[in-house]
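Below is one structure, written out as structure tokens, with a few remarks after it.
There are 2 protein chains.
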Amino acid sequence: MSNIRKVAELAGVSVATVSRTLKSPDIVSPRTRARVLAAVSEADYKPNLMAVQFRSRRTRNLVVLVPTISNTFFARVIGGIQQAAQQQGYSVLLCNTLGREDAERGYASMVTTRQADGVIQLRAYNPFAADAYADTALPMVNACEVLDSPPCPTVKLDNRAAARTLTEHLIDLGHRRIGMIKGPRRSPLTRDRVAGYCDALEAAGIALDERLLCPGDFTPHSGFNAAGMLLACDGRPSAIFCESDEMAIGAIKRVKQAGLSVPGDISVAGFDDITFASFSDPPLTTIAQPAEAFGRQAVSLLIDTLEGRCESPRHVILPFELVVRGSTGSKP
Amino acid sequence: MSNIRKVAELAGVSVATVSRTLKSPDIVSPRTRARVLAAVSEADYKPNLMAVQFRSRRTRNLVVLVPTISNTFFARVIGGIQQAAQQQGYSVLLCNTLGREDAERGYASMVTTRQADGVIQLRAYNPFAADAYADTALPMVNACEVLDSPPCPTVKLDNRAAARTLTEHLIDLGHRRIGMIKGPRRSPLTRDRVAGYCDALEAAGIALDERLLCPGDFTPHSGFNAAGMLLACDGRPSAIFCESDEMAIGAIKRVKQAGLSVPGDISVAGFDDITFASFSDPPLTTIAQPAEAFGRQAVSLLIDTLEGRCESPRHVILPFELVVRGSTGSKP
DNA sequence: TTGTAAGCGTTATCAC
DNA sequence: GTGATAACGCTTACAA
């Protein structure tokens, strides 16, 4: 493998001149520059980034922690992250954590061991040891999910308003008993969405029935199971609001399996607007989020933090949109 | 940030001793070891991996190039990769290429610039410059898709046999006009599967009708469109074999939209057995692949290549399984 | 404008 | 068993 020394020999200059030619071509004389560039291409020289990074003490790598990459919503967020990172000269190291905290910690430690400069988290969990960054800014940004503590820059949806909007849509269709398939209990995101759901009920004068709130884990299977619970419950709901499209797809399967029709007997709504939402039968009513924008904003926030430019807003709220398709209809 | 020198001072030993204590604890005296370890924890010392990698000239990072991470089949392959890599002390840098060759090249160049040791490709494309590794083994392994040239270790399915099995299943159900929604034309994977489809037709004495072969790009949308072509074709098929579950889900939507039932009027089969396959309505008949095994095998093959242990098999063929669900039925 | 040389943090090779 | 030191490939004062 050719290194800078070989190129220097080949061009008959010092290694410093080679380095300068490549970093700031305008400060070397045209003649030298030409000779060096010729030598570079003759030797097919590629700077050893391991050495460059080692010397400059930064990697320009960003770690992205994703709970499940096989969700098209997250995939779109990641697309936005990769695009923005590339534009700003950063690489992305993607980690599919599958919710395993040890995996998250392992990847986050790439920052403490200097393999990456910062972390973008798509889940509410702090992968760093409690006291590691007590004095300095945590090199981390949260997107999609919010993190209560420690405080770090965040880009999120107004989940409470979105959940309220979706619930109001169901109420407008005449539904009074509306089930909700939530995310995991301790998730701040779920907390906000449940609050929005409650807001809508209260505004419509509908009493909250705790039995209509079932927890899930965002997978189709959990949606399927939770829908089974709701169907079995005494005074079953005529509509179900799922906190993710994947759970909604599972819920629809369960409802059909019970011999009921969607939305004829029961309306089902989702959240995220994944690709399969419009291929579901019936197509899903859902909340669309600007996924790519999540990614781009997260990258900006993180790079601002890393490079000490913190005048930018620390919290970004992105807009949502209610997408009405065929899975919701008037109360029978 | 604390470095090895600080720890050495703190423990009153040389940096060499600190390094030895951490790398091979048994060659330092118990007393020294205890002192050093105390200093390590007091200073909260973490070795700077950038320096370690620089010195050892290996990163123990593997780049994984995935066409679309939002496919649950690929997500499972990646799960297998991450698990195997971690066991062998490697980290995974995941790249969602979205089919963009510049992105693939960009990530593959992490190998030439020494940011990673090797590449696992889940697509048939050589991201390295033509002549870069003329003499030495390409630090790359192909999984799922095969690559015709240059030759590199591969882990794949017997796609021809799998396609033949699936086609025979449809023939056994009485179908004679069987449409096929293929992948991109130039894909070796598609070539093999089309060959298996032809094998089955030929064995059953059914003439090949080129009009029943429609290309797609593995997305639900392309399946939807291709199914539209097949429905419009003169002498429309009574069964459609899709080269991916995602396309099958799109095809089912299109068939239903035409007022036809699946499998009542038209049977539809997929390939991959993604999560949504069993949540589709009707649930998909498909070919299940041992996704995690693909990942694990690819990692073994790559690490064998990187570490010069090449006695292991260069090509691994994994088994498939026909999963019959509700989307295929007897010819009406 | 160019060359010399120090230094980034670690590990390996020598001595002792 | 331990310490001094060179080396990895690059960048950047500083000197010429």
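Line by line, the protein sequences are chains W and U.
The numbering of the first sequence is UniProt numbering, which starts it at 1 and goes up by one.
The numbering of the second sequence is UniProt numbering, which starts it at 1 and goes up by one.
The C-beta atom is built at its ideal place from N, Cα and C for all residues, glycine as well.
Assuming residue i contacts residue j (C-beta within less than 8 Å), just tell me the rounded distance between them.
| i | j | result |
| --- | --- | --- |
| U/N96 | W/I78 | 6 Å |
| U/L93 | U/V63 | 5 Å |
| W/E101 | W/G183 | Actually they are not in contact, since the Cβ atoms of W/E101 and W/G183 sit about 17 Å apart, beyond 8 Å. |
| W/Y107 | W/L65 | 6 Å |
| W/P282 | W/S222 | Actually they are not in contact, since the Cβ atoms of W/P282 and W/S222 sit about 21 Å apart, beyond 8 Å. |
| U/L122 | U/A137 | Not confirmed; about 20 Å, so no contact. |
| W/R177 | W/S238 | 6 Å |
| W/P290 | W/P319 | 7 Å |
| U/Q53 | W/M50 | 5 Å |
| W/H169 | W/V324 | 7 Å |
| W/D26 | W/N61 | Not quite, the Cβ-Cβ distance comes to about 28 Å (not below 8 Å), so this is no contact. |
Identify whether residue i lies in helix, strand or coil by the three-state DSSP scheme.
| i | result |
| --- | --- |
| U/H169 | helix |
| W/H221 | helix |
| W/A204 | coil |
| W/E292 | helix |
| W/A124 | coil |
| W/M140 | strand |
| U/E321 | strand |
| W/M1 | coil |
| W/C152 | coil |
| W/S332 | Residue identity differs from the one stated: residue 332 of chain W is Pro in this sequence, not Ser. Coil. |
| W/V119 | strand |
| U/D272 | strand |
| U/G250 | helix |
| W/I303 | helix |
| W/V13 | coil |
| W/V18 | helix |
| W/C310 | coil |
| U/S267 | strand |
| W/G174 | coil |
| U/C233 | coil |
| W/V146 | coil |
| U/P215 | strand |
| U/G179 | strand |
| W/L157 | strand |
| U/A227 | helix |
| U/V262 | coil |
Which value, in whole angstroms, describes the spacing of the CA atoms of residue i and residue j?
| i | j | result |
| --- | --- | --- |
| U/I171 | W/D172 | 50 Å |
| U/Q115 | W/D192 | 41 Å |
| W/T219 | W/G250 | 8 Å |
| W/A85 | U/L322 | 42 Å |
| W/A38 | W/S24 | 16 Å |
| U/I206 | W/P215 | 52 Å |
| U/V316 | U/I181 | 27 Å |
| W/V40 | W/V28 | 15 Å |
| U/S267 | W/L306 | 55 Å |
| U/D44 | U/L10 | 12 Å |
| U/L230 | U/A203 | 23 Å |
| U/S91 | U/G80 | 13 Å |
| U/S278 | W/A277 | 15 Å |
| U/D272 | U/T286 | 7 Å |
| W/C233 | W/F294 | 38 Å |
| U/R236 | U/G179 | 8 Å |
| U/A288 | U/F224 | 22 Å |
| W/S19 | W/E42 | 16 Å |
| U/G308 | W/M1 | 17 Å |
| W/E210 | W/Q257 | 25 Å |
Determine whether the beta carbon atoms of residue i and residue j lie at a separation below 7 Å.
| i | j | result |
| --- | --- | --- |
| W/E104 | W/P139 | no |
| W/V155 | W/Q297 | yes |
| U/P153 | U/L301 | yes |
| W/E145 | W/A163 | no |
| W/F73 | W/I240 | no |
| U/K46 | W/T112 | yes |
| U/P263 | U/G329 | yes |
| W/E292 | W/R76 | yes |
| U/L208 | U/C198 | yes |
| U/R160 | U/A195 | yes |
| U/G270 | U/R254 | no |
| U/A248 | U/L284 | yes |
| U/R5 | U/V15 | yes |
| U/Q88 | U/I303 | yes |
Problem - Completely contained beta strand (DSSP E) runs for the segment 28-116 of chain U, where each covers 3 or more residues - result: 61-66, 91-96
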